[in-house]
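Asks:
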Amino acid sequence: MSASLKSVAADALPPLSAAARAAQAELERLLPGAVSARASDRIAYARDMWPLALMWIRQGRIPTPPELVVWPKTEGQLQAVVRLARERALPLVPYGAGSGVCGGTWAVKGGVSVDLKFLDALEPVDRAARTVDVGAGMLGEPLERRLDAQGYTLGHFPSSIYMSTVGGWLAARSAGQLSGRYGKIEDMTLSVRAVLGTGELVETPERPASGVDLASLLIGSEGTLGFFTRARLRVHPRPEARAFRGAELPSVQAGLEAIRQIFRAGLRPAVVRLYDPFDTTFVGKGTPRTHRATPPSFQGAWERAVVPALLRAVAPRTLGRPGLFNAAAAVLHKSRLILMFEGEAQRAAAEEEAARDICRSLGAKDLGEAPGQQWLAKRYDVSFRMSKIVEANAFADTMEVAAPWEKVHEVYERVHQAASPHAFVLCHFSHAYLEGCSLYFSFVGSGGSEAEMADRYDALWRSALSAAVAAGANVSHHHGVGLLKAKALLGSLGEGSAALRSLKQAFDPDGIMNPGKLGL
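The sequence shown begins at 63 in this note's numbering and counts up one residue at a time.
1. Ordered along the chain, which non-local residues of its own chain (more than five positions away) have a Cβ less than 6 Å from that of Trp231?
2. Tell me which residues share the same chain as Tyr495 and place their Cβ nearer than 6 Å to its Cβ, disregarding the 5 neighbours each side in the sequence.
3. Buried or exposed: where does Thr136 fall if 16 or more other Cβ atoms within 10 Å of its Cβ makes it buried?
4. Using three-state DSSP, classify Ser423 as helix, strand or coil.
5. Kindly indicate the opening and closing residues of the beta strand (DSSP E) around Glu589.
6. Who are the Cβ neighbours of Glu90 in its own chain at under 7 Å, not counting the five residues just before and after it?
7. Could you give the DSSP three-state label for Leu580: helix, strand or coil?
8. Taking just the CA atoms, how far does Ser508 sit from Arg518?
9. Looking at C-beta atoms only, is the number of pairs between the stretch 263-276 and the stretch 312-319 that lie closer than 8 Å three or more?
10. Going by DSSP in three states, Thr343 sits in which element: helix, strand or coil?
11. Which same chain residues, not among the five before or five after Glu185, have their C-beta less than 8 Å away from its C-beta?
12. If you draw a straight line from the C-alpha of Gly573 to the C-alpha of His541, how long is it?
13. Assign Val274 to one of two classes, buried (16 or more other C-beta atoms within 10 Å of its C-beta) or exposed (fewer than that).
14. Going along the chain, which unbroken runs of the beta strand (DSSP E) with 3 or more residues stay wholly within the stretch 124-158?
15. Can you list, in chain order, the residues of its chain whose CB lies under 8 Å from that of Glu284, leaving out five sequence neighbours each side?
16. Contact between the stretch 171-178 and the stretch 125-133: three or more CB pairs below 8 Å?
17. Would you call the stretch 427-442 in contact with the stretch 497-505, where contact means no fewer than 3 C-beta pairs closer than 8 Å?
18. For the candidate residues His298, Gln86, Glu512, Leu562, whose alpha-carbon lies nearest to that of Pro113?
19. In its own chain, which residues sit with a C-beta less than 6 Å from the C-beta of Val376, not counting the 5 before and 5 after it?
20. To which residues of the same chain is Leu582 closer than 6 Å at the C-beta, ignoring the five residues directly before and after it?
21. Report yes if the CB atom of Tyr474 is closer than 9 Å to the CB atom of Asp341, and no otherwise.
22. For Glu302, which of helix, strand or coil comes out of DSSP?
23. For the stretch 257-264 against the stretch 221-229, do three or more pairs of beta-carbon atoms, one drawn from each stretch, fall closer than 8 Å, so that the two count as touching?
24. Round the Cβ separation of Phe219 and Leu201 to the nearest angstrom and send it over; I've been treating them as touching at under 8 Å.
25. Take every Cβ of the stretch 407-421, pair it with every Cβ of the stretch 323-332, and state whether three or more of those distances are shorter than 8 Å.
26. Can you find the residues in the same chain that come closer than 7 Å, C-beta to C-beta, to Ala516, ignoring five residues on each side of it along the sequence?
27. Work out the CA separation of Gly534 and Ala391 for me, nearest whole Å.
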């Protein structure tokens, strides 16, 4: 633990409330050896990976620590915790692996952090139905590894797979990197079990079923209605083969049109990632040359080699002046597209060839298989880079929204313009559908002192998210809402926010379940 956090543990953690003190002994009776009020545990469970929280921690601040931490091992124990919390008016906050980036696990009203990772049972795959029953506390990587040993895959590979749980995926409507073929987590989920704010354990009817889809009400609710304990998920045979293709498109617009045509043609790449020109300068670094390269013109060589090299060299030194840097990056035009198809070998190859023809018709330069293979080898690296950025007295964050095809480019332009004064702006487009796709913005900025940096971060998010919604995007595609986007979500729902509050009252009449998230 750092010196600043030791100081927090010793001097600044608030004392337990009367309700928490009264509940502690009863919780220890219900969960022997699985209750803690230790400062180290309260600090560890006080945050997720929201960048704003990391800034506060650098200052030695823990604004909203839980008062107690508990580790239920069964559904019955979790029910007992919820019933006691109702009696004591004690808020409960679910905790999976803590990799969320929106403040979804913050104990804004104190109370109890409920770590659900012991609910991690995994049943053998039902080979006839191609389903698997899994506990909400199961981490993603061991789940996929154990399915692979049986010859199957869930097809859900978020970049946080080593540090996220099935329950967290369900809570935030997670999307994995192979969503083009397998869908988001809600598309893989046949039924769920959850403990509601009433203390009741419910199991939703297995899809397909008639009537109201209770699972759809719970998935994406971020623990505000109930805590997931178990899910039945659809699995697929391990893919026989993969086919990769990289392409360089003359512009972002051409790349978006290529993706749109690929999906309209009935092709389903597991991976589709289009990098804007600025992001292309970074993702393309170190990519092997293609054997079909042609002698470049002076302008082409400038754009492909000189400008990207200059941008990479200058970027770390110009974090405090992002507007100038973003303007300089505007001279770039070409965008890189990465595609990966998987499944039965002949079909994957045929779909890749058809997609290549579409790209060629839009002026693409074929980059071969190497860009896709390189991406696959490094696809989880982004989840382990935050510490270096924080050490450099900077911040990095991502904002993922989605929009219909006719709005995608406008959202891209408006967000870029709104965010440019506050941070470096990069974007890639992924998670595509017949109707549109997701835009995944990456922001990197600095601001002198910790306070100035936090102010810049707040200004960045206000500007960028407002611009995205005004241009026709939704509030979030797959990272969830948490505290960060709660106000924006309620604004986007309009009069529908009253229905959301009514659901909250029905499922959690005492308001104890993850208060403050989703604006509830």
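The beta carbon of each residue, even a glycine, is placed where N, CA and C say it ideally should be.
Note that the structure is predicted; figures quoted are calculated from it, not measured.
Replies: So, to answer that:
1. So the list reads Ile247, once near-sequence residues are dropped.
2. Excluding positions up to five away in sequence, the list is empty.
3. By the Cβ neighbour-count rule, Thr136 is exposed, with fewer than 16 other Cβ atoms within 10 Å of its own.
4. Collapsing the DSSP output to three states places Ser423 in a helix.
5. Only positions 63 to 582 of the chain appear in this structure, which leaves residue 589 out of reach.
6. If we look at Glu90 and ignore the five residues flanking it on each side, its Cβ neighbours are Val97.
7. DSSP places Leu580 in helix when its eight states are reduced to three.
8. Roughly 8 Å separates the two Cα atoms.
9. With the cut-off at 8 Å, the stretch 263-276 and the stretch 312-319 do not touch.
10. Collapsing the DSSP output to three states places Thr343 in a helix.
11. Val194, Asp195, Val196.
12. Cα to Cα, the separation comes out at about 23 Å.
13. Val274 is exposed by the Cβ-count criterion.
14. Within the stretch 124-158, the complete beta strand (DSSP E) segments of 3 residues or longer fall at 130-132, 154-157, listed in chain order.
15. So the qualifying residues of the chain are Gly166, Ala233, Ala234, Gly542, Val543, Gly544, Asn576, Lys579, Leu580.
16. With the cut-off at 8 Å, the stretch 171-178 and the stretch 125-133 touch.
17. No: the two stretches stay apart, fewer than three of their Cβ pairs being nearer than 8 Å.
18. Ranking His298, Gln86, Glu512, Leu562 by Cα distance to Pro113 puts Glu512 first.
19. With a pLDDT of 49 at Val376, under the threshold of 50, the modelled position of that residue is not reliable, and no figure is offered here.
20. Around Leu582, the same chain offers Thr286, Lys566 as residues with beta carbons nearer than 6 Å, after the five sequence neighbours per side are excluded.
21. Contact flag unset, no.
22. DSSP places Glu302 outside both helix and strand once states are collapsed to three, so it counts as coil.
23. Proximity of the stretch 257-264 to the stretch 221-229 falls short of the contact definition, fewer than three beta-carbon pairs being nearer than 8 Å.
24. Contact flag wrong, Cβ pair sits at about 13 Å.
25. Contact holds: three or more Cβ-Cβ distances are below 8 Å.
26. Residues Leu114, Met117 of the same chain have their beta carbon placed closer than 7 Å to that of Ala516, with the five preceding and five following residues left out of the count.
27. Those two C-alpha atoms are separated by around 25 Å.
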